[in-house]
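A quick write-up on the structure given underneath.
Residue numbers (the numbering used here), protein chains in the order written: chain S, 706 to 1135; chain P, 706 to 1135.
Encoded structure:
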């Protein structure tokens, strides 16, 4: 096995250029670990003339992404992005042509994972995507291989670095979401259109893939319920701190006796825990297995180096001859997931109300909560300002989501309730 | 590949029984992931009659561990333990006989790793040992495969659960080492002879193996410098907290331009970080790579479930046909490590002195430190008790270990210095 392993790279943006850089600068080490040299044979990008900080002149330039599928190569590296269009077409063509594929494309896998896994298996090739989820953390490998002896009942974590960066800055500076988002955009940490990051879509793609591996189910992105961090206020962050929590945008997938729930939402996690201390652009993933307990993996979730590192690890696996089914088991064995009715799930909740500071308000709210089986663990109001709007925060004991949402609905109709109540899950596992 | 993958298990203690339990209770899942059933064909232990909580009556019983090498099996699972004796003999015989080996034996690998890796490669078989280092954390796989694109310059972490449990209890209760150790022994968390755990030997075995994978060098356990936690006092823990640190027994391996240093010693780590918040019996490992930055993996380091989970993951890899060289590169490519002179390494230090509370002591100490190029970042003394012994703690800026040790030597000769000064590294990386 000393023939070079030949790769063709589609997409030379931040990650693509990083992959070229690793394969060039760590070539000897990569060859030693792969058991043979890894050779770039062709590249493709939109703009040939663009300065990328790496020299690609030695490789065949292919103008059309789809054309890479026809190049003489062992694997195609898809770093174009997008759930459809050129990325989808190229990956399908490459797999159908008997080429392995390495992709960093979470959207593609979350939308078309079952089809692509089936295609790969039908042609005896592998589809690797370590870089698609938390680049700096080898979580796909951990879940597909390292924890393969376990029945996994949950996987969850901080899966979007931009959101975590914003929440961290909000906490540190006391500033509000819009203000910090703008700074993050100016610094290049957030994109001009931040929707995918701050509204939970990016984390949704990732948790969807992790759930498929953990539970052996087909990825169904349209069933992932997502809520982002736009409504989190700096007041929430302060209240949470008072109760000993930090607010994190968590992707959470749980398998309760075959009934699955996959969500992305801002949650309160205890601050003095490994998960609670994951700040800035760092990601973290926890897997719960029946024997291994709850390992947690932390690292940079995005960026040139970590993402390219993940792509190269996938390439080295292929060059070494290591092949694992796309979602850890044969594609035809992936079950169609049954989803739980989220209204039935019990959880502790954080509830922020904006009410008029006047006698009787708390009595009204408490009565509504009682009528919906929600019992109050603690309550805090900052300051007093009779007749004026104040924030009141409640933390509940375990209550069904359906009940607490119905209670919120009712509370919002109180004359003294000035804004829609804001609800967040509390996650205690770590 | 639907023929069963046949394993023979040597050692049915806590871990061995756990492996049997997983292979029995998760059999369908394991078969799905492995691509074929995993079948136990033979077992061995010292006492056939012992109650183990699992039924092994269906498997061939082999009285003599060495006899397992002769059984018709694809892999031998060595869970006997010990760097020499039956474990060593069995592993050698199994590899020489063309059988794969899965082992949880850190001592064996740390002492004989190069020989066994060479033997395995010579016979075209694999030697897997995920369970040998931090059972609940797939760190061997992460280092050998997941981060394979990186030049790794450091790997370090909390590698001994017993020590971390003791340090955590000391911090929480304010009690001293001996007292907490006794409780840990009564609870079964520490062994009657706790030497391997609390004196750093166990962590030494583990960091030795991680260094070999990270840096591509032969394991040389006799070059690992180890110091345990027996001398850590509850006063140290309090002082450390005052400076914002927690005390952790860290295994640390660093590669400075080809010069390697491997140590186990109690260190101060910042408390509000993912590593600082790893408490009780949890382990944590950080890898520093040139592209991936510093991923951190946390999980239970020992115990039946996590360790057995790691063993089964290794078995599934073999059943799937995934084979990786023992230390990530061909055995013959492993370099003989060059070690750095530890005296030349610069670091921040924590220094606890027990001195007579009298004028001039601090002036004397400061002068000695100044004469050894050690500059003081902060200093604290609790209470005043003229003429009586008091603890004074100093935190230094970067200073060479040789210099600070020479300074300690000189300080210990002061008439006012009542005990040997106690020195700990401060690790800021995470």
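The beta-carbon is built from N, C-alpha and C at its ideal position, and this holds for glycine as well.
Pick from the options that is closest to residue i, judged by C-alpha positions
i, options, result
"residue 957(S)", "1033(S), 849(S), 799(S), 861(S)", "861(S)"
"residue 737(S)", "882(P), 859(P), 1007(P), 1030(P)", "1030(P)"
"residue 926(S)", "905(S), 942(S), 941(S), 938(S)", "905(S)"
"residue 1126(P)", "1028(P), 846(P), 937(P), 960(P)", "937(P)"
"residue 1003(S)", "865(S), 741(S), 854(S)", "865(S)"
"residue 1124(P)", "1094(P), 1101(P), 1111(P), 790(P)", "1094(P)"
"residue 965(P)", "930(P), 1076(P), 837(P)", "930(P)"
"residue 744(P)", "735(P), 751(P), 750(P)", "735(P)"
"residue 1007(S)", "742(S), 994(S), 869(S)", "869(S)"
"residue 1035(P)", "1025(S), 941(S), 1036(S)", "1025(S)"
"residue 720(P)", "741(P), 759(P), 1021(P)", "759(P)"
"residue 1130(S)", "1097(S), 950(S), 824(S), 1022(S)", "950(S)"
"residue 1021(P)", "848(S), 1043(S), 1089(S)", "848(S)"
"residue 725(P)", "751(P), 834(P), 761(P), 755(P)", "761(P)"
"residue 1045(S)", "967(S), 774(S), 893(S)", "967(S)"
For residue i, three-class secondary structure by DSSP
i, result
"residue 1135(P)", "At residue 1135(P), the pLDDT of 46 sits below 50, so the modelled position is not reliable; the number obtained from the coordinates is stated separately. In the structure shown, residue 1135(P) sits in coil (DSSP, three-state: anything other than H, G, I, E or B)."
"residue 1019(S)", "helix"
"residue 996(S)", "coil"
"residue 1094(S)", "strand"
"residue 763(P)", "coil"
"residue 1102(S)", "coil"
"residue 793(S)", "helix"
"residue 1121(P)", "coil"
"residue 741(P)", "coil"
"residue 923(P)", "coil"
"residue 859(P)", "strand"
"residue 917(P)", "helix"
"residue 1014(P)", "helix"
"residue 1057(S)", "strand"
"residue 869(P)", "helix"
Anticipated Cβ contact below 8 Å, residue i with residue j, distance rounded
i, j, result
"residue 703(P)", "residue 1000(S)", "Chain P is shown only over 706 to 1135; residue 703(P) falls outside these bounds and no answer can be derived."
"residue 939(P)", "residue 879(P)", "5 Å"
"residue 811(S)", "residue 914(S)", "6 Å"
"residue 922(S)", "residue 1039(S)", "6 Å"
"residue 889(P)", "residue 895(P)", "4 Å"
Cβ neighbour criterion (16 or more within 10 Å) applied to residue i
i, result
"residue 1091(P)", "exposed"
"residue 900(S)", "exposed"
"residue 787(P)", "exposed"
"residue 1087(S)", "exposed"
"residue 947(S)", "exposed"
"residue 1064(P)", "exposed"
"residue 954(P)", "buried"
"residue 1014(S)", "buried"
"residue 1074(S)", "buried"
"residue 850(S)", "buried"
"residue 827(P)", "exposed"
"residue 707(P)", "exposed"
"residue 867(P)", "buried"
"residue 753(P)", "exposed"
"residue 763(S)", "exposed"
Residue i vs residue j beta-carbon contact at 9 Å
i, j, result
"residue 710(S)", "residue 732(S)", "no"
"residue 908(P)", "residue 992(P)", "no"
"residue 1109(P)", "residue 987(P)", "no"
"residue 799(P)", "residue 1012(P)", "no"
"residue 1117(S)", "residue 1102(S)", "no"
"residue 854(P)", "residue 727(S)", "yes"
"residue 713(P)", "residue 785(P)", "no"
"residue 873(S)", "residue 981(P)", "no"
"residue 779(S)", "residue 797(S)", "no"
"residue 715(S)", "residue 770(S)", "yes"
"residue 924(S)", "residue 1061(S)", "no"
"residue 766(S)", "residue 747(S)", "yes"
"residue 998(P)", "residue 858(P)", "no"
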